[in-house]
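Take a look at the structure below.
There are 2 protein chains.
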Amino acid sequence: MHAEIFALGSELTTGAKLDTNSQWLSVELAGAGIETRFHHTVADDLPAMLSELRAASRRSELVLLTGGLGPTADDLTRESLAQLAGVPLVEDAASLAHVQECYRRFGRTMPAANRVQALIPAGAEVIPNRHGTAPGLWMTVPPGEIGGDGGCTLIALPGVPAEMRPMFRESVLPRLPRGANLIRVARMNLFGAGESAVEERLGDLTARGRTPEVGITAHEATITLRIVARAPDEAGVQRQFEETKRIAVERAEELIFGEEDETLAGCVLNLLRERGETLAIAEVGTGGRLADWLTQEDVPDARAFLGGLVEPTETICLGAAVAPGEAASEVRSRWGATYGLFTPALDESGAERAIVLATPDREVRATYRHAIDSAIARSRLAKAALDLLRRHLLGRAT
Amino acid sequence: MHAEIFALGSELTTGAKLDTNSQWLSVELAGAGIETRFHHTVADDLPAMLSELRAASRRSELVLLTGGLGPTADDLTRESLAQLAGVPLVEDAASLAHVQECYRRFGRTMPAANRVQALIPAGAEVIPNRHGTAPGLWMTVPPGEIGGDGGCTLIALPGVPAEMRPMFRESVLPRLPRGANLIRVARMNLFGAGESAVEERLGDLTARGRTPEVGITAHEATITLRIVARAPDEAGVQRQFEETKRIAVERAEELIFGEEDETLAGCVLNLLRERGETLAIAEVGTGGRLADWLTQEDVPDARAFLGGLVEPTETICLGAAVAPGEAASEVRSRWGATYGLFTPALDESGAERAIVLATPDREVRATYRHAIDSAIARSRLAKAALDLLRRHLLGRAT
Numbered sequence: 001m002h003a004e005i006f007a008l009g010s011e012l013t014t015g016a017k018l019d020t021n022s023q024w025l026s027v028e029l030a031g032a033g034i035e036t037r038f039h040h041t042v043a044d045d046l047p048a049m050l051s052e053l054r055a056a057s058r059r060s061e062l063v064l065l066t067g068g069l070g071p072t073a074d075d076l077t078r079e080s081l082a083q084l085a086g087v088p089l090v091e092d093a094a095s096l097a098h099v100q101e102c103y104r105r106f107g108r109t110m111p112a113a114n115r116v117q118a119l120i121p122a123g124a125e126v127i128p129n130r131h132g133t134a135p136g137l138w139m140t141v142p143p144g145e146i147g148g149d150g151g152c153t154l155i156a157l158p159g160v161p162a163e164m165r166p167m168f169r170e171s172v173l174p175r176l177p178r179g180a181n182l183i184r185v186a187r188m189n190l191f192g193a194g195e196s197a198v199e200e201r202l203g204d205l206t207a208r209g210r211t212p213e214v215g216i217t218a219h220e221a222t223i224t225l226r227i228v229a230r231a232p233d234e235a236g237v238q239r240q241f242e243e244t245k246r247i248a249v250e251r252a253e254e255l256i257f258g259e260e261d262e263t264l265a266g267c268v269l270n271l272l273r274e275r276g277e278t279l280a281i282a283e284v285g286t287g288g289r290l291a292d293w294l295t296q297e298d299v300p301d302a303r304a305f306l307g308g309l310v311e312p313t314e315t316i317c318l319g320a321a322v323a324p325g326e327a328a329s330e331v332r333s334r335w336g337a338t339y340g341l342f343t344p345a346l347d348e349s350g351a352e353r354a355i356v357l358a359t360p361d362r363e364v365r366a367t368y369r370h371a372i373d374s375a376i377a378r379s380r381l382a383k384a385a386l387d388l389l390r391r392h393l394l395g396r397a398t
Numbered sequence: 001m002h003a004e005i006f007a008l009g010s011e012l013t014t015g016a017k018l019d020t021n022s023q024w025l026s027v028e029l030a031g032a033g034i035e036t037r038f039h040h041t042v043a044d045d046l047p048a049m050l051s052e053l054r055a056a057s058r059r060s061e062l063v064l065l066t067g068g069l070g071p072t073a074d075d076l077t078r079e080s081l082a083q084l085a086g087v088p089l090v091e092d093a094a095s096l097a098h099v100q101e102c103y104r105r106f107g108r109t110m111p112a113a114n115r116v117q118a119l120i121p122a123g124a125e126v127i128p129n130r131h132g133t134a135p136g137l138w139m140t141v142p143p144g145e146i147g148g149d150g151g152c153t154l155i156a157l158p159g160v161p162a163e164m165r166p167m168f169r170e171s172v173l174p175r176l177p178r179g180a181n182l183i184r185v186a187r188m189n190l191f192g193a194g195e196s197a198v199e200e201r202l203g204d205l206t207a208r209g210r211t212p213e214v215g216i217t218a219h220e221a222t223i224t225l226r227i228v229a230r231a232p233d234e235a236g237v238q239r240q241f242e243e244t245k246r247i248a249v250e251r252a253e254e255l256i257f258g259e260e261d262e263t264l265a266g267c268v269l270n271l272l273r274e275r276g277e278t279l280a281i282a283e284v285g286t287g288g289r290l291a292d293w294l295t296q297e298d299v300p301d302a303r304a305f306l307g308g309l310v311e312p313t314e315t316i317c318l319g320a321a322v323a324p325g326e327a328a329s330e331v332r333s334r335w336g337a338t339y340g341l342f343t344p345a346l347d348e349s350g351a352e353r354a355i356v357l358a359t360p361d362r363e364v365r366a367t368y369r370h371a372i373d374s375a376i377a378r379s380r381l382a383k384a385a386l387d388l389l390r391r392h393l394l395g396r397a398t
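Residue numbers (the UniProt record's numbering), protein chains in the order written: chain A, 1 to 398; chain B, 1 to 398.
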């Protein structure tokens with residue numbers, strides 16, 4: 001079963017508001033084994049809505065719509081569903097009573113305009129709304145020119161997330177036919193190579209049509225593998241995850257630092273805590289970014305991050321002249337930490353600079369080159385520094 | 001002229017990621033007088049992309065696409081544009097050289113997979129990408145079965161916002177035809193009061209239907225007024241801006257710190273530079289966030305930010321015990337700065353804590369209460385600290 005999701009409203013197509021309903025509904029549908037192939041955002045424009053709805057209802061078995069159920073002239077969902085099915089709008093007595101009751105409870109009289117919220121396409125069902133005035137709609141179109149080969153179920157919900165979400169979970173989700181399979185996603189997080197280099201290493205793991213599918217995305221130099229398992233039950237899902245993770249580890253073990261939401265900073269702090277060790281930092285090129293991450297991930301009761309220094313240049317440390325990189329040892333001793341970590345200046349010329357890790361018995365260095373994508377340069381350098389420490393803690397740094 | 005915007009990628013239709021590009025592009029297009037009627041989000045599926053693209057290119061004169069330009073097998077934008085236009089993909093020598101150069105500067109060899117990033121539909125133009133490997137594409141389809149009555153311009157950009165946004169502003173926006181009225185947006189940035197309090201102070205300025213329209217948005221405690229002027233020429237636009245800004249200043253002057261993209265950190269650094277003064281910081285509750293902002297906004301040749309310290313607790317400064325807030329004077333003298341600024345711990349109990357500013361002749365304090373919305377607590381505290389310094393520099397701090 002395939003789904004398409006519509007978000008209706010000119011406030012979305014003008015960019016005045018950001019639609020988050022479609023993302024939320026996609027995740028809910030995936031959990032029920034239903035795959036979403038399209039999101040559509042359409043302005044308050046009847047011909048535009050109808051043209052998109054016609055294509056969707058022919059192509060997919062499930063169409064979810066949010067928005068356009070309010071009382072004003074630009075709320076066109078009711079009208080467009082009626083025109084799609086070729087049926088008139090009729091007043092639903094229970095819906096009218098509900099809208100009137102909402103106003104009565106507020107101590108107000110229902111404005112005449114709100115009467116349209118009780119109109120439904122003839123033959124449609126009403127979905128109750130406990131959190132607002134606008135009822136939802138459930139409409140079925142049989143197989144044919146409008147409904148396509150499999151027929152189509154169209155479900156309209158209000159655009160307000162606080163109304164839409166409980167309505168979906170209480171009145172829609174339980175009635176949806178389940179896909180044959182559960183669909184679950186597991187993530188593995190990698191650092192230390194580019195997206196295409198990782199793909200090369202992983203070989204057929206990311207091939208199209210593989211079971212389970214493995215997708216690759218990159219965000220600020222962190223590479224994420226998304227394993228999408230489809231199986232009739234949880235045990236089958238877990239078997240697919242395990243087998244795929246095992247292969248990923250075989251092929252790229254030293255790049256993998258965590259799963260799901262785990263960050264490099266969190267990973268490094270966990271490793272330090274396991275060993276009862278601590279860290280202090282001296283930042284130049286990362287200008288506070290590293291401290292920001294470490295302080296967000298650190299645990300107050302088991303602190304591994306002791307403190308840090310931000311200097312605008314490599315050759316000054318707390319007012320004294322130092323050699324580039326010397327600040328690693330300096331902060332290590334100032335804070336009495338097991339390790340001192342230093343990030344060099346971002347050198348626009350692309351020349352090699354050294355990230356320096358001061359350990360109890362020696363200095364470990366990693367060369368770093370500033371990349372052209374300066375928007376993520378700071379994050380990339382901060383991650384490269386954390387990764388040097390991670391590899392050292394795992395006995396893998398040179 | 002009507003536009004449609006595509007966001008491509010299964011990570012969007014599964015709900016794993018939220019598309020924010022379409023909203024951003026809609027706002028930019030509106031600024032050029034171009035109305036967006038549809039957003040489409042499509043999975044990595046060639047037939048699905050082609051069916052949506054065909055409808056869009058027939059219906060609208062402008063189609064913008066983001067995503068799907070990466071080097072992996074599920075990046076299908078190049079292929080779908082070529083199939084839409086019925087032309088082959090050909091290798092673009094300049095694009096290939098660019099991709100190779102990106103890798104060379106990193107000291108790496110381009111993986112074979114990245115070669116596909118230099119493929120373009122025959123007849124398309126390349127849009128240069130200064131921030132990443134994937135070039136953009138500009139393709140024109142003449143009036144007819146594919147291009148519709150008016151023909152269609154299709155423009156593909158990378159999905160990474162840090163690459164997409166400058167490419168759009170530098171290489172796309174200046175070449176787009178303009179609508180009848182200019183639509184321009186001016187922004188004023190405020191700090192120090194909540195969204196509804198600001199709205200109350202501004203009175204009828206934010207009323208619906210006012211000319212020009214003024215919208216209010218809040219992001220991490222910064223309030224932004226968006227003034228949307230519509231006029232046939234630039235002089236008319238500027239008259240609307242000036243008149244509205246004058247009223248905003250009359251009603252909320254002490255809250256306004258900047259316009260357009262100006263940040264509080266940038267504003268404070270400018271004030272310091274004008275006076276030939278400098279700043280050092282001691283961060284507890286902001287954990288590096290303040291240094292991160294200040295180092296991003298500071299100018300290497302006229303540095304006003306001298307350095308900073310991040311400590312996990314208020315009562316220790318560089319290994320020595322201190323009273324809470326004493327670190328402000330400590331960093332001021334360590335770095336020889338005009339001012340020392342201290343951020344207190346985020347106190348979950350909601351008790352009052354002091355932000356401390358050490359000046360050449362005294363200490364200035366501002367009380368701060370941790371708010372419940374902890375997701376933005378760090379940014380809010382960092383801004384409150386910058387605002388204390390800003391008000392002091394303007395002679396407004398108590």
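No residue lacks a Cβ here, since even glycine has one placed at the ideal position from N, Cα and C.
Just so you know, these numbers come straight off a predicted model, no measurement behind them.
| Asked | Found |
| --- | --- |
| Taking the continuous alpha helix (DSSP H) assigned at GLY236(A), which residues delimit it? | 234-252 |
| Looking at C-alpha atoms only, which residue of LEU309(B), ARG184(B), ASP75(B) is the closest neighbour of CYS317(A)? | LEU309(B) |
| How many angstroms separate the CA atom of ALA235(A) from the CA atom of ARG104(A)? | 51 Å |
| Any heavy atom of the ligand FAD closer than 6 Å to the beta-carbon of ALA291(A)? | No copy of the ligand FAD occurs in the structure displayed, which carries no ligand at all. |
| What are the complete alpha helix (DSSP H) segments, minimum 4 residues, inside the stretch 25-72 of chain B? | 46-59 |
| Quick one, are the C-beta atoms of GLY307(A) and ALA280(A) less than 7 Å apart? | yes |
| Among ALA134(A), GLU199(A), GLN100(A), ARG108(A), whose alpha-carbon lies nearest the alpha-carbon of ALA218(A)? | GLU199(A) |
| Among the candidates ALA366(B), PRO212(B), ALA321(B), ALA85(B), whose CA atom is the shortest distance from the CA of LEU381(B)? | ALA366(B) |
| Just the chain A side, please: which residues come within less than 8 Å of GLU363(B) by C-beta, in chain order? | What GLU363(B) touches in chain A: nothing, since even the nearest Cβ is about 22 Å away. |
| Taking the beta carbon of THR72(A) as the centre, do at least 16 other beta carbons fall within 10 Å, making it buried, or is it exposed? | exposed |
| Since THR295(A) and THR338(A) are thought to touch, with beta carbons under 8 Å apart, how far apart are those beta carbons, to the nearest angstrom? | With a Cβ gap of about 18 Å, THR295(A) and THR338(A) do not count as contacting. |
| Could you tell me which of GLY340(B), SER379(B), ASN21(B), LEU341(B) sits nearest to PRO158(B), measuring between CA atoms? | ASN21(B) |
| Starting from the Cα of ALA112(A), find the closest Cα among LEU190(A), ALA252(A), LEU96(A) and give me that residue. | LEU96(A) |
| Can you name the residues of chain B whose CB is closer than 7 Å to the CB of ASP45(A)? | ARG37 |
| Looking at chain B, is there any beta carbon in it that lies within less than 7 Å of the beta carbon of SER80(A)? | no |
| Spatial neighbours of residue 400(B) within its chain, please: C-beta separation below 7 Å, excluding the five flanking residues on both sides. | Outside the shown range of chain B (1 to 398) lies residue 400(B), about which nothing can therefore be said. |
| Quick check on the DSSP output: the beta strand (DSSP E) that includes MET188(B) runs from which residue to which? | 182-190 |
| With a threshold of 16 other CB atoms inside 10 Å of the CB of SER171(B), please say whether the residue is buried or exposed. | buried |
| Within the stretch 274-320 of chain B, note down every full alpha helix (DSSP H) run reaching 4 residues or more, in order along the chain. | 289-297 |
| Alpha carbons only, please: which of GLY194(A), ARG353(A), VAL27(A) is nearest the one belonging to ARG169(A)? | VAL27(A) |
| The stretch 308-335 of chain A: which residues have C-beta closer than 7 Å to a C-beta of chain B, in chain order? | GLY308, LEU309, VAL310, GLU311, PRO312, LEU318, GLY319, ARG334, TRP335 |
| Measuring CA to CA, which of ARG396(B), GLN240(B), ALA134(B) is closest to GLU101(B)? | ALA134(B) |
| Going along chain B, which residues have a C-beta under 9 Å from GLU200(A)? | PRO111, ALA112, ALA113 |
| Using a Cβ-Cβ cutoff of 9 Å, what residues of the stretch 11-24 of chain B are near chain A? List them in chain order. | GLU11, LEU12, THR13, THR14, GLY15, ALA16, LYS17, LEU18, ASP19, THR20, SER22, GLN23, TRP24 |
| Expressed to the nearest angstrom, what Euclidean distance is found between the alpha-carbon atoms of VAL42(A) and THR140(B)? | 24 Å |
| In the structure shown, what three-state DSSP assignment does VAL228(A) receive? | strand |
| Does ASP387(A) pass the burial test, meaning 16 or more other C-beta atoms within 10 Å, or should it be called exposed? | buried |
| Touch check for the stretch 222-235 of chain B and the stretch 181-189 of chain B: three-plus C-beta pairs under 8 Å? | yes |
| Contact defined as beta carbons within less than 8 Å: I believe ALA180(B) pairs with GLY33(B). What is the distance between those atoms, to the nearest angstrom? | 7 Å |
| Chain A beta carbons: is any one of them nearer than 7 Å to that of SER95(B)? | no |
| Using the three-state DSSP reduction, which class does PRO174(A) fall into: helix, strand or coil? | helix |
| Where does THR313(B) land, buried or exposed, given buried means 16+ other C-beta within 10 angstroms? | exposed |
| Of the choices TRP293(B), ALA282(B), ASP298(B), whose alpha-carbon is the least far from that of SER379(B)? | TRP293(B) |
| Taking the straight line between their C-alpha atoms, what separation do you get for GLU297(B) and CYS267(B)? | 9 Å |
| Using a threshold of 7 Å, state whether the C-beta atoms of LEU255(A) and GLY192(A) are closer than that. | yes |
| When DSSP labels each residue in this structure, what does MET164(B) get in the three-state scheme? | helix |
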